Ligand SMILES: CC(C)(COP(=O)(O)OP(=O)(O)OC[C@H]1O[C@@H](n2cnc3c(N)ncnc32)[C@H](O)[C@@H]1OP(=O)(O)O)[C@@H](O)C(=O)NCCC(=O)NCCS
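Numbering (full-length UniProt numbering), first residue to last: 1 to 147.
If you want it as structure tokens, here you go:
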């Protein structure tokens with residue numbers, strides 16, 4: 001067993017210097033997530049996507065956020081029971097209080113490692129202040145906005 005000495009761990013504060021624009025959530029498709037065909041139920045997929053959009057926007061803005069809009073969601077490929085699903089949320093556009101998040105569902109076969117982009121959609125989240133009203137958020141860093 002490898003021991004971690006206090007010399008190895010220099011600092012426990014790993015807060016990034018700039019606001020994070022991405023979150024990744026990992027799930028496994030269990031039977032209670034599926035439809036009658038044994039593939040991921042669309043409503044479950046949307047719930048994971050909305051959660052990733054929430055986390056990406058809240059983490060970016062450091063405010064609570066609400067979903068104002070879910071844009072076109074394309075279910076390109078089914079996701080099977082037993083597969084791992086990575087839900088990736090990326091902040092792609094920022095207005096005054098609105099934060100547009102692109103969300104992808106990537107299915108990974110745990111036995112082979114094969115990964116497929118199965119679903120993509122966009123969500124508009126609104127940052128709220130302590131009064132529950134829309135509040136301004138910081139502009140998107142240039143490198144992200146121009147990517
Ligand atoms: C979203 C919400 C906070 C907006 O409140 P509002 O008083 O209409 O806000 P404003 O008109 O001042 O607009 C604020 C921002 O929201 C954006 N916005 C409002 N409705 C929107 C919509 N349907 N789609 C995209 N953006 C929207 C505006 O463009 C604006 O963006 P900006 O600040 O970047 O310019 C309000 O409509 C709300 O609480 N909706 C319910 C949210 C909810 O319950 N979500 C869960 C759904 S299951």
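Using N, Cα and C, we set each Cβ at its ideal position, and we do this for glycine too.
Because the structure is a prediction, the values reported are computed rather than measured.
query                                                                                     : result
Assigned secondary structure, residue 59 (DSSP; H/G/I helix, E/B strand, else coil)       : helix
Option in 24, 30, 79 with minimal Cα separation from residue 50                           : 24
Where residue 10 falls, given that 16 or more other Cβ within 10 Å makes a residue buried : exposed
Reduced DSSP secondary structure (H/G/I, E/B, other) of residue 77                        : coil
N- and C-terminal bounds of the beta strand (DSSP E) containing residue 137               : Taken as a continuous stretch (DSSP letters only), residue 137 belongs to no beta strand (DSSP E), as it is neither H nor E.
Contact test: residue 97 Cβ vs ligand 1 heavy atom, cutoff 6 Å                            : yes
Residue 65 beta carbon near ligand 1 (any heavy atom closer than 6 Å)                     : no
Distance cut-off 6 Å: residue 134 Cβ against heavy atoms of ligand 1                      : yes
Proximity to residue 61 [Cα-Cα], best of 99, 69, 67                                       : 99
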